[in-house]
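Take 22 as the starting number for the sequence shown in the working numbering and just add one per residue.
Note that beta-carbon positions come from the ideal geometry of N, C-alpha and C, so glycine has one too.
Note that the structure is a prediction, hence the values are computed from the model and not measured.
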Amino acid sequence: YAIVVREYLNDTFSHWIGRRETIEWPPRSPDLTPCDFSLWGIIKDRVYTQNPSNINQLKSLIKQEFTSVNDNIELCQTICRSVADRCQMCINTGGKQFEHLR
């Protein structure tokens, strides 16, 4: 991220997760979970289609969408089942990148 963006995030949030931030999170972490490769994208898409206009609205929308996903058992089961498929793809490629194969 640009320096101005990182400074804004540091000033606005005392802790945030991303590249070059206060909580380092490797971009290709071997410890990825269903939340990392599925849930965050779903939440992000749902929140940003509503065009939050300020930080409080953004926080509120994020909480609402997590509650909505939490109440959707079928979606949660689908996300968790996808872990086995992703593990098999990783094995099939010998541990190499496989996202482009999906």
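- Taking the CA atoms as reference points, Asp32 sits about 37 Å from His121.
- Put simply, the backbone Cα of Asp92 is about 20 Å away from that of Val104.
- Membership of Asp66 in the alpha helix (DSSP H) is indicated by the continuous run Trp61 to Tyr69.
- Put simply, the backbone Cα of Gln85 is about 29 Å away from that of Asp106.
- Phe87 has its alpha-carbon roughly 7 Å from the corresponding atom of Ile64.
- DSSP places Ser89 in the helix class (H, G or I) of the three-state scheme.
- By the 16-neighbour rule on beta-carbons within 10 angstroms, Val26 is exposed.
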